[in-house]
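The sequence shown begins at 1 in this note's numbering and counts up one residue at a time.
Inspection log for the structure reproduced underneath, given as structure tokens.
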Amino acid sequence: MHILDKKTIEKVISGTSTKENAREVADWFSSSVEGQQYLSDMLDKDAFLMEEEPEDFQNTISPYRSDVLLSKINRQIVRKKTIRLALSVAAVLLPLILITGFMVQLSNRYDLFGNSRYSEIYVPKGEKMQILFQDGSRAYLNSDTRLRYPEKFALLNREIFLEGEAYFQVASNKKRPFIVNTGETSVKVLGTSFNVNAYKDNKEIRVVLDEGEILFAARNNEYRLNPGQKFIYNTDNKQLYLVNVRNSGEESLWKSNYIRLNDTPLRETLEILDRKFNIPFKVIDNKALAYSFNLLSEDKSLNYILSELEKIAPVKFVEVNDTINVKCLK
């Protein structure tokens with residue numbers, strides 16, 4: 001079968017063709033290799049437009065959108081008893097080709113039916129990792145962090161699951177929010193940069209916003225967070241606190257191998273050091289737990305950090321059989 005003139009096809013699509021041309025185009029789409037390829041190319045264009053603007057895919061009106069195309073062709077075909085068999089076949093095959101092909105190509109890009117497989121990454125103590133998602137968003141994972149994410153994001157949102165600490169730079173998409181689940185809480189964003197600290201053994205979940213805007217969900221409510229603010233959620237008493245911070249970027253200094261302690265209790269300080277250097281601590285004297293520490297140190301050895309802590313409070317660190325014992329000097 002010959003290849004139809006592009007102008008003829010466009011007239012059919014625009015609803016300005018003759019009845020004969022409408023029949024011819026329907027027949028060509030359904031029964032020729034060339035027609036099938038032309039139709040496939042149009043579907044590719046639909047899918048490409050959706051990938052460029054995925055949040056607006058339901059409202060996108062492509063010149064070749066499949067439902068519009070089918071409707072216009074059918075309106076122009078007079079269904080007479082004398083219609084030949086090929087046209088009847090076209091009337092059946094055309095919607096199947098359009099809809100099925102369209103959905104298959106869309107499903108290849110997005111998780112339409114919620115059955116996408118999940119991948120899980122664990123970052124061991126003493127290490128860090130960077131993840132680039134398929135939408136262009138990035139996650140910087142701190143030590144002892146677990147991240148679970150789908151191989152393909154869903155069509156209406158981009159949801160992941162975090163246990164540990166991560167800094168996110170989220171690609172903007174107003175109608176396809178990026179959601180970070182931490183168990184008891186979640187963070188919903190449209191396009192922004194923020195830090196989440198949600199280690200399982202901590203009593204607090206902390207979220208600090210650098211840029212943009214996020215919605216923090218806890219206790220069946222959503223709370224809006226602006227740049228320079230921090231939410232602290234206590235997992236024991238279920239209380240939520242809003243704190244203004246002078247420099248929100250300090251919360252994510254760990255990405256650059258800094259250790260930052262800001263009135264940090266000894267127990268949490270030891271957890272931070274354990275994750276960074278992968279060495280356990282044992283508190284011999286519980287009186288040492290009464291002390292907190294302020295320190296900012298860039299990429300130093302463990303021995304250096306411990307010596308600095310000993311200058312701040314009356315504590316002593318002694319290594320015994322690959323474990324560091326913590327004693328109180330008072």
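Beta carbons are placed, not taken as given, at the ideal position from N, Cα and C, and that holds for glycine.
Model, not experiment: these values are computed from the prediction.
Of all C-beta pairs linking the stretch 163-180 to the stretch 125-145, three or more are shorter than 8 Å, placing the two stretches in contact. With contacts defined by Cβ atoms closer than 7 Å, Ile205 and Thr192 do not form a contacting pair.
With contacts defined by Cβ atoms closer than 7 Å, Lys327 and Lys311 do not form a contacting pair. In this structure Val189 is not in contact with Val207, their Cβ atoms being roughly 10 Å apart against a cut-off of 8 Å. Rounded to the nearest angstrom, the gap between the Cα atoms of Gly183 and Ala217 is 11 Å. By DSSP's assignment, Gln239 forms no beta bridge with any residue. Sorting Thr264, Gln229, Thr18 by C-alpha distance to the C-alpha of Leu215 places Gln229 at the top. Between the stretch 147-160 and the stretch 292-311, the count of C-beta pairs closer than 8 Å stays below three; the two stretches do not touch.
Gly126 is not bridged by DSSP to any residue. By the CB criterion at 7 Å, Leu329 and Tyr291 fall outside the cutoff. Counting only residues of its own chain and dropping the five nearest sequence neighbours on each side, Asn226 has a CB closer than 7 Å to the CB of Leu209, Glu213.
From the listed residues Asn237, Tyr258, Pro177, Glu211, the smallest Cα separation to Arg219 is found for Asn237.
For Glu271 against Asp201, the beta-carbon gap comes to about 7 Å, under 8 Å, which counts as contact. Distances from the CA of Thr323 to each of Val283, Arg260, Asn257 were compared; the closest alpha carbon is that of Val283. Unbroken beta strand (DSSP E) runs of no fewer than 3 residues, entirely contained in the stretch 262-297, are found at 281-283, following chain order. The residues Glu165, Arg206, in chain order, have a CB closer than 6 Å to that of Asn197 in the same chain once the five nearest residues on each side in sequence are set aside.
In this structure, the beta-carbon distance from Phe168 to Phe194 falls below 7 Å.
Scanning its chain for C-beta atoms nearer than 8 Å, with the 5 sequence neighbours on each side dropped, one finds around Val245 the residues Val208, Gly228, Gln229, Lys230, Glu251, in chain order.
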